[in-house]
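Down below is the structure, laid out as structure tokens.
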Amino acid sequence: MKKILRNELGLSLLEVVASIIILSIILIAFFTFLVQSKKINRISESIADATYIAQMEMENLYSLSNGENFNNLILKLKSDSNYTLQSESLKKCPNNNQDYSDYVFEKIDSQYPNFKGEIHIKTLCQYENSVSFRIELIDLNTNSTKAILENVYMLKVTN
Numbered sequence: 003m004k005k006i007l008r009n010e011l012g013l014s015l016l017e018v019v020a021s022i023i024i025l026s027i028i029l030i031a032f033f034t035f036l037v038q039s040k041k042i043n044r045i046s047e048s049i050a051d052a053t054y055i056a057q058m059e060m061e062n063l064y065s066l067s068n069g070e071n072f073n074n075l076i077l078k079l080k081s082d083s084n085y086t087l088q089s090e091s092l093k094k095c096p097n098n099n100q101d102y103s104d105y106v107f108e109k110i111d112s113q114y115p116n117f118k119g120e121i122h123i124k125t126l127c128q129y130e131n132s133v134s135f136r137i138e139l140i141d142l143n144t145n146s147t148k149a150i151l152e153n154v155y156m157l158k159v160t161n
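In this note's numbering, the protein residues as written are 3 to 161.
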């Protein structure tokens with residue numbers, strides 16, 4: 003018996019549809035990866051910017067507090083138009099019943115209009131003549147905290 007060989011040079015419709023479906027699945031996965039990567043990059047950039055701004059503000063507070071006592075530092079911040087006093091309170095230390103001060107300032111810098119800084123300044127119960135600076139940077143677009151820096155400085159002794 004003689005075999006008939008058929009020469010099929012073209013692709014069937016089923017093979018073309020299957021290859022288009024497989025290619026579509028691969029491309030959709032790839033584009034999803036690109037979109038997600040762009041979102042993560044934007045978030046990382048926002049956090050890096052906020053950390054940089056908070057560090058600059060911490061250095062600014064350090065230069066303001068250098069050689070000053072606590073009361074003079076607070077007066078400087080209250081008189082500076084860049085800072086807005088949000089709250090001030092006098093509290094008692096739980097371990098020795100001494101008074102400590104707690105101030106919260108807000109700062110919105112015109113160079114960085116997308117961020118609002120909350121600056122918490124308080125004297126510490128444990129260490130005499132020391133002050134804690136805590137800077138919390140909030141993204142105004144998402145209303146979420148992007149960076150928090152905290153540092154303790156020794157101030158000049160009040161006479």
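Idealized CB from N, CA, C, for every residue including glycine. If you're wondering where the values come from, they're calculated on a predicted model, not measured in any experiment.
In this structure, 85 is the residue among 85, 100 and 144 with its C-alpha nearest to the C-alpha of residue 112. If you ignore the 5 residues before and after residue 134, its C-beta comes within less than 6 Å of the C-beta of 124, 126 and 154, all in its own chain and listed in chain order.
For residue 146, the three-state secondary structure derived from DSSP is strand.
In this structure, 147 is the residue among 136, 152 and 147 with its C-alpha nearest to the C-alpha of residue 49.
In this structure, residue 142 sits away from residue 150, with a CB-CB distance that is not shorter than 9 Å.
The C-beta distance from residue 103 to residue 92 rounds to 6 Å, short enough to fall under 8 Å. Going by beta carbons, residue 130 and residue 119 fall outside the 9 Å limit.
Under the three-state reduction of DSSP, residue 48 is assigned to helix. A residue is called buried once 16 or more other Cβ atoms fall within 10 Å of its Cβ, and residue 54, having fewer, is exposed. Nearest neighbour of residue 144 by Cα position, chosen from 65, 45 and 59, turns out to be 45.
Distance between residue 27 and residue 40, taken at the CA atoms: about 20 Å. Between residue 22 and residue 37, the alpha-carbon positions lie close to 22 Å from each other. Look at residue 67 here: in three-state DSSP terms it is helix.
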